[in-house]
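Residue numbers (this note's numbering): 471 to 872.
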């Protein structure tokens, strides 16, 4: 009797082992694709966007073509959620027969701006062409005290200038998200009649209205401010706002510009006469060259050379009117003829020159003209007088009274 019970026990154990080996477990279910996620929970501000990286690849030992559809199984009302690959929204992923490398996709989730604090669940389904549907749960913890992963700052947020003289603030935008963000750039506060524009840092010419920054990266741009001509002395705020695209979330930076009419104005337009001192005889002339240069950082329009008149001296500018445009760093040579009238007495005179344009004018430059009568000319004159007297004596002596 004991022997029979022992045999029955052994037989039962063998049957149980056979059943366990023949019935597959849930983890051993076969599928043509595999889905892996390393992060399934994140904290986000209401109205901000959060992204979950997902890796999808062919199932183990699967060399055939495979594909799967991607869908959101369950989410809260008013929430937006979708799958993205290289910025494009996708609903299906295909693996060719000869491709075994994994694909990286992003689940992008955005709660409404009025979402209360709390933990919310998103369910995503991945349905393969062969095998059971794979479901994954993602948890979004909404917290209105969370920190926005976008920062803006300027190393020099305060500058000083004169009215109508533009200045450039360099501003840095830093993306601390683990995904790329696109943001709109606007000015939300500035004084009336002031001009504010945003420029690309690379060349300072192209205007920008929005920017795109890679994950954990930063980008610089220029805020160019031109105050109005009639601005009074004082400090004025200019507030720049950077808002995430399709969102009310953003950051701002205040830039302070101080207007001071008393600071020395840097001369954008300068002139250099080739000679600052010349000697001329009455009735003679000489041509000199005057160099006009744009020493500023912006184009000057309608540039011309002005010369103040001096008694006994005439000047002629040998050019064809004003220079239409003078680019930054560009210079032009203007020939000027200086002529002394024949009746001018010996003296030293100064000719004042100034370059003017629509935007700026140069400081005055002086050319000293020394009028010197030639000594040889005096001897010739005396000789002519003596010769005339001798001729008169000869005529009188020869043709006088007989």
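Note that the Cβ used here is the ideal one computed from N, Cα and C, for glycine as well.
These numbers were taken from a predicted model, which means no experiment stands behind them.
Check	Outcome
Tell me, please, whether the region 793–801 touches the region 754–767 by the rule of three or more beta-carbon pairs shorter than 8 Å.	yes
With 16 other CB atoms within 10 Å as the buried threshold, where does residue 551 fall?	buried
What residue does the beta strand (DSSP E) around residue 731 start on, and which one ends it?	No beta strand (DSSP E) contains residue 731, which DSSP labels as neither H nor E.
Quickly, what does DSSP pair residue 836 with across the bridge? List them, please.	822
Using C-beta distances below 8 Å, list every residue in its chain close to residue 788, excluding the 5 sequence neighbours before and after it, in chain order.	757, 804, 805, 806 and 807
Give the DSSP-derived three-state secondary structure of residue 548 in the structure shown.	coil
Who are the near neighbours of residue 674 in its chain, counting only those whose CB is closer than 7 Å to its CB and skipping five residues on each side?	692
Tell me the rounded alpha-carbon separation between residue 681 and residue 698.	28 Å
Determine the extent of the beta strand (DSSP E) in which residue 665 is found, giving its start and end residues.	665–670
Going by DSSP, name the residue or residues bridged to residue 649.	DSSP lists no partner for residue 649.
Is it true that the region 590–608 meets the region 525–541, where meeting means three or more beta-carbon pairs spaced less than 8 Å apart?	yes
Let me know the secondary structure DSSP gives residue 524 once reduced to three states.	strand
Measuring only the C-alpha atoms, how far is residue 783 from residue 763?	26 Å
Quick check: the Cα distance between residue 753 and residue 838, rounded to an integer number of angstroms?	17 Å
Going by CA-CA distance only, name the one from 841, 794, 633 and 534 that's closest to residue 812.	841
I'd like to check one pair, residue 695 with residue 708: are the Cβ atoms closer than 8 Å?	yes
Could you please give the first and the last residue of the uninterrupted beta strand (DSSP E) stretch that includes residue 940?	What is shown of the chain runs 471 to 872, which leaves residue 940 out entirely.
Does the contact criterion of 3 or more C-beta pairs under 8 Å hold for the region 605–616 versus the region 629–645?	no
To the nearest angstrom, how far is it from the Cα of residue 751 to the Cα of residue 862?	32 Å
Using a 10 Å radius around the Cβ and a threshold of 16 neighbouring Cβ atoms, would you call residue 528 buried or exposed?	buried
Provide the residue(s) that pair with residue 739 in DSSP beta bridges, ordered along the chain.	764
For residue 620 versus residue 725, is the C-beta distance shorter than 8 Å?	no
Enumerate in chain order the residues of its own chain whose CB-to-CB distance from residue 687 is below 7 Å, with the five nearest sequence positions on each side excluded.	645
In the DSSP output, which residue or residues are listed as bridge partners for residue 563?	538
Only counting the same chain, and skipping five residues up and downstream in sequence, which positions put a Cβ closer than 8 Å to that of residue 780?	819, 820, 821 and 839
Compare the Cα-Cα distances from residue 502 to each of 602, 588 and 546 and report the closest residue.	602
Taking 8 Å as the threshold (C-beta atoms), are residue 771 and residue 827 in contact?	yes
Let me confirm a value: residue 498 is counted as buried when at least 16 other C-beta atoms fall within 10 Å, else exposed. Which label applies?	At residue 498 the pLDDT is 36, less than 50, meaning the model places this residue with poor confidence and gives no usable figure here.
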